[in-house]
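Each protein sequence line maps, in turn, to chains A and B.
When you line the first sequence up against my numbering, it's residues 7 to 284, in that order.
When you line the second sequence up against my numbering, it's residues -17 to 837, in that order.
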Amino acid sequence: MAVVSGPPPYRDATVVEPQPGQHVGFFTDSSICIGCKACEVACKEWNHVPIDGLNFLGSSYDNTGELGANSWRHVAFIEQNRPVAADGSGGMRWLMNSDVCKHCAHAACLEVCPTGALMRTEFGTVVVQPDVCNGCGYCVSACPFGVIERREGDGRAFKCTLCYDRLKGHMQPACAQACPTQSIQFGPIDDLRVRARRRLADLHQQGMAEARLYGVDESDNEVGGLNAFFLLLDEPEVYGLPTHPVTTTRDLPQMWRTAAVAAGMLALGVLAAFGRRR
Amino acid sequence: MPSLGTSFGRGGATNFQQDLANSDCIVIMGSNMAECHPVGFQWVMEAKLRGATVIHIDPRFTRTSANASRHVPIRAGSDIAFLGGIVNYICQNDNLFREYVVAYTNAATIISDDFKDTEDLDGLFSGWDAKRHSYDPSSWQYKGMDLHASAGDTEELEPRAGNDRFGGHGGLLTRAIPPDRDPTLQHPRCVYQLLKRHYARYTPELVETTCGVPKDVFLSVARALVENSGRERTSAFCYAVGWTQHSVGVQYIRTAAIIQLLLGNMGRPGGGIMALRGHASIQGSTDVPTLYDLLPGYITMPHAYHHTSLDAFIERESGSTGGWGRMKAYMVSLLKAWWGEKAGPDNEFGFQYLPRITGDHSAYQSALKMLDGSLKGYFLFGQNPAVGSANSKLHRFALANLDWLVVRDLVEIESAAFWSNGPEIRSSELKTDDIKTEIFLMPAAAHTEKDGSFTNTQRLLQWHHKAVEPRRDARSDLWFTYHLGRIIRAKLAGSSDAKDRPVLDLTWEYPVVGDTQDPDAEAVLKEMNGVDASGNPLTTFAELKDDGSTACGVWIYCGSYAHGENQTARRKPGTEQTSVAPEWGWAWPANRRMLYNRASADPSGKPWSERKRYVWWDDRLRKWTGNDVPDFTADKAPGYVPPDGATGDAALPGDAPFIMQADGRGWLFTPMGLKDGPLPTHYEPDESPVRNPLYSQQSNPARQVLKHRLNPRNENGDGHARYPFVMTTYRLTEHHTAGGMSRFTGVLSELQPEMFCEVSPELARERGLVNGGWATISSSRASIEARVLVTDRMTPVRVQGKIVHQVGLPYHWGFQGLSKGDAANDLYGLVLDPNVHIQDDKAATCDIRPGRRPR
């Protein structure tokens, strides 16, 4: 067990060596993100993720744009110029948040995968096995967050693995280790949830009423809880996150039942029609 | 570093970044700390979390502003008006920490009756010599004390004020205790009253019309500083090249030094002035150094005319009192380190072997000498002037006029490729066939591929070990320098020519290791640390002798290899030691993490307050003790009074914490050491859209303007139509300086893939600029193109009743690498600060138009 150095509020937070059978994930505290993008660089270097093209987007300091096959961490930059209130609040604000795959408890990508390339690991995370993936792309349309994508020129789907190889080696993921402010925290999900709620309470006490958690409670989404959740300072949409994510496969059983009923009805109808002829 | 040097005695940052966590208020100005020093910024965040107020004053709203309690937009180039306003606020409201100021600064000292202020002479101090374009500082002296030695020289080739001594520090007084002091601070000629009068016109109203900072915003900053200073609380300043890179940059920092002395924030936890350096070992490069006018440890480089003998050198450059009183021991030990047995009392320890300077040989002067053909060969070690130096176009022309050029870098940077690929080749201003420069591009090993040390921003030496072997022909700078010297010596062997003796007599035997025959870096550290006559490593610079019995390569690094162990390689975790972490690496001097820490105790040796206790006098043990190594003679009692005729440290009383100053005090007023005046004064940048509101003297009179046809200047003054906007340069987190380490790397290049400029929506409307489109930015030097980022983070400021727009320009780009673009430095001229010869590229004027530049 190593002790993390760095600033509060997480000075005493410890990095637990990941153990199989224990569900681990990320808590990203955007209130202390400084937008350095060390997470993006560390991720690409460790996982050999290819360059995504040199494109100037004219979107604040964000030239990554979105998560995809070649961007497994994405720091969003949101500039807000709000009117200054009588108490001095408001004014210029520059929000930053490092987005990542949520490793959903009810992962639609995994459910639709016909080859079994997408799997749930012993750490509770969701990983694509590139040697099994056939590039069908079902997972791409299934993801409610737009995380997973097929790689151009390769065809297979890629996304954050939560550094599966590092977890197996009892190390924390590269992005969390590179983060200089502990905005990205790695650990057992239950511990991170406690930490996130405590941090929210502290911020509310400091008068930051706009602070909120995203994906910590299972009740605020229909993906069964996220293994990567966030502390945000504005509505999720501002950061490009869906307010109320839904597992896209949620209605599939009902749809199949409906389809079965419809098919049955049709069959009956056909039978009746042919029967009459006879 | 002469600003901190003349104010406090040493040119280094006065505190350490971890200590910022103890601050109650942190003002970050002239720095974008979160982006450029993200790791150190964590302690600012920690302070904020503990309840500190963090204020970022900057023309742009940056990632630092985003994390500060408050961002204050300011017009680039107006910082002295702002800071002078704070000095005035402190004086007018009697907010100074009086007990500290009277005891620990030169506030009470009476200044010569001949001194005249800029308020008397409309922007000039007494002693200005218009013909020689320099000051004679004799009227700035303490009353009753003569200027030491240098007066009356007829062969002087440099300006007379502040001859770059010791990197400019207050070492040269003839007596430690000035004859004339007024501890009540009432005497009209005492420093405090002169200071108060000098800044009396720097009112909140003047700040508003000069800096574009509304009066109430300015007052909230002044109040935050005052309320968070005193016995119980401390405030800190952080700055970087946003302060230094101005034609009056040294004086920007001086103004902060004055504020910190008046508020009693020096030498105390959570206080100080954090000088943030731009590279991993920039502090090391001034300590050891790479500067033309200094020897290791801030010893003056001998001058051809003034320093004809070792004795004359010591007589002229060594103070008799304070820490520099022992300069002969440092100098002789340095000569012994370099010439070993060949250095003895009979040959002045080899003093005549040292090269001499005859004037300004700084980088920009060198470029002009390349252009006129008098400088024929050049080494570039990890430097890229074709992108990174102001007026980079002039530098490309200069490099193209050399006979030979050696470039040591990781990749083929612009300074090695200008002859084939530069913009002047494409524009036909230069032709490859006409360029005679022979270029040797030598691949360099990265820091991960060699052993060595970094000296970081807080004087901390940290050792790094080789992780992998350098690839192919790449080699360390140490390898290159050592073997070049070895080969030159082999070629000269047997020579009887006297001019070859300094090279042949050098101590040049270093053990080599590995297949690449790399010199052992620890052997070099050991030489810097120094040894006694039997070859045993020294433990402290106090052991250095002036009789030739000790050898020491860098006297301030003495102790870094104490007991034969590499102290810089210590990595004891923070959890296993105190928060000062004295066993992590090694800091100069003598592993003191906070300089001048004697000032954390009151004159009687007790902490000013429990909350801010740090170092104190233990009366039972009769010595100084506390959380850090005391920056004071360990057993010198607080009540010590120096006997008549005492010299060196013994001449300083027990309540004088600034031990490198000849009078042991922090200098609010600098009687010597600076070329542009004893008190900071607001001058407009060389290129400014407005007139100086205070004086008819528009800009720093002592600034250096380099005259060359490739270095024209934009017309100056009131609302000039051609170049109406202010432009300022800066760095991004995603890139490193001139781009050699980042623009050639895919994962970094894609994060900031193109040269861009930042403009406000108001300026975009005025000029028809479109976000994501192209703009051409022009000055009288060049036109460059950049993608446009329209952002609310840029704020137009109201100055002297009119709106001033500012254009932000990251300076990383050049024509080589994966991510290419025009160099912002093409736009800037060579107008320099007179003390350190640094360019003014934080505030000049420009125009901006939509569309790409003409081809």
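The C-beta atom is built at its ideal place from N, Cα and C for all residues, glycine as well.
Check                                                                                                                                                                 : Outcome
Beta-carbon of B:G224 versus every beta-carbon of chain A: anything under 8 Å?                                                                                        : no
Measure the beta-carbon distance from B:R553 to B:F(-2) and round it to whole angstroms, keeping in mind my assumption that it falls under 8 Å.                       : B:R553 to B:F(-2), Cβ: 16 Å. No contact.
Can you tell me whether B:A143 is buried or exposed, with buried defined as 16 or more other CB within 10 angstroms of its CB?                                        : Per-residue confidence for B:A143 stands at a pLDDT of 44, beneath the threshold of 50, marking its modelled position as unreliable; the derived number appears in the next sentence. B:A143 comes out buried.
Hey, how far is the Cα of B:M127 from the Cα of B:R308?                                                                                                               : 21 Å
Can you list the residues of chain A that B:F43 reaches, using a CB-CB cut of under 8 Å?                                                                              : M98 and W100
Which chain A residues are close to B:E716, counting only those with a beta carbon under 7 Å from its beta carbon?                                                    : K43
Counting Cβ pairs closer than 8 Å, one from the segment 46 to 65 of chain A and one from the segment 259 to 270 of chain A, do we hit at least three?                 : no
Going by DSSP in three states, B:Y360 sits in which element: helix, strand or coil?                                                                                   : strand
Relative to the alpha-carbon of A:F164, which residue among A:M177, A:C149, A:K174 and A:G175 has its alpha-carbon at the smallest distance?                          : A:C149
Would you mind telling me which residues of chain B sit closer than 9 Å to A:G59, beta carbon to beta carbon, in chain order?                                         : E732 and P735
Return the residue from the list A:V21, A:G161 and A:R88 that minimises the CA-CA distance to A:C139.                                                                 : A:G161
Just to make sure I have the definition right: I need the residues of chain A whose C-beta is within less than 8 Å of the C-beta of B:D104. Which are they?           : What B:D104 touches in chain A: nothing, since even the nearest Cβ is about 39 Å away.
Could you say if the segment 809 to 822 of chain B and the segment 226 to 234 of chain B meet the contact criterion of at least three C-beta pairs nearer than 8 Å?   : yes
A:T131 to A:T70, Cα distance in whole Å?                                                                                                                              : 24 Å
Would B:N14 and B:R52 be called neighbours here (beta carbons separated by less than 8 Å)?                                                                            : no
Counting only runs that start and end within the segment 739 to 795 of chain B, where is the beta strand (DSSP E) found for 3 or more residues in a row?              : 756 to 760, 765 to 772, 779 to 781, 784 to 786 and 788 to 792
For B:N145, which residues of its own chain have a beta-carbon under 6 Å away from its beta-carbon, when the five flanking residues on both sides are left out?       : For B:N145, the predicted model reports a pLDDT of 42, less than 50, meaning its position is unreliable and no value from the coordinates is stated.
Quick check on A:C139: does DSSP put it in helix, strand or coil?                                                                                                     : coil
Which first and last residues belong to the beta strand (DSSP E) in which A:W100 is found?                                                                            : G97 to V106
Starting from B:I92, trace the beta strand (DSSP E) both ways and give me its first and last residue.                                                                 : Premise fails: B:I92 is in no beta strand (DSSP E) and is neither H nor E.
Checking contacts by CB at 8 Å: is B:V54 closer than that to chain D?                                                                                                 : No chain D appears in this structure, whose protein chains are A and B.
Anyone know if the C-beta pair for B:D808 and B:I766 falls short of 8 Å?                                                                                              : yes
Checking 8 Å against the spacing of the C-beta atoms, do B:S5 and B:T216 come in under that value?                                                                    : yes
May I ask which residues mark the beginning and end of the beta strand (DSSP E) holding B:M11?                                                                        : C7 to M11
Taking 7 Å as the cut-off, is the C-beta of B:F(-2) nearer than that to any heavy atom in the ligand FAD?                                                             : For the ligand FAD, the structure offers nothing, since it holds no ligand at all.
Are the CB atoms of B:V741 and B:M776 nearer to each other than 8 Å?                                                                                                  : yes
Got a sec, what are the start and stop residues for the alpha helix (DSSP H) B:S374 sits in?                                                                          : S374 to L381
Counting pairs of beta carbons, one from the segment 563 to 578 of chain B and one from the segment 609 to 622 of chain B, are three or more of them closer than 8 Å? : yes
Please tell me whether A:N69 has its Cβ less than 8 Å away from any Cβ of chain B.                                                                                    : yes
I'd like the span of the alpha helix (DSSP H) that includes B:G66, first residue to last.                                                                             : D61 to Q74
Is it buried or exposed for B:G359, if we count other Cβ within 10 angstroms and need 16 for buried?                                                                  : exposed
Tell me the DSSP secondary structure of B:A133 in three-state form.                                                                                                   : Since pLDDT at B:A133 reaches only 26, below the 50 mark, its modelled position is unreliable, and no value is offered.
Closest by CA to B:T166, which one among B:A85, B:Q242, B:L488 and B:V506?                                                                                            : B:A85
Restricting to Cα atoms, I'd like to know which of B:Y810, B:R747, B:W649 and B:L733 is closest to B:F(-10).                                                          : B:W649
Using a Cβ cut-off of 8 Å (strictly closer), state whether B:L800 contacts chain A.                                                                                   : yes
Quick one: using the 10 Å Cβ neighbour count with 16 as the cut-off for buried, is B:H447 buried or exposed?                                                          : exposed
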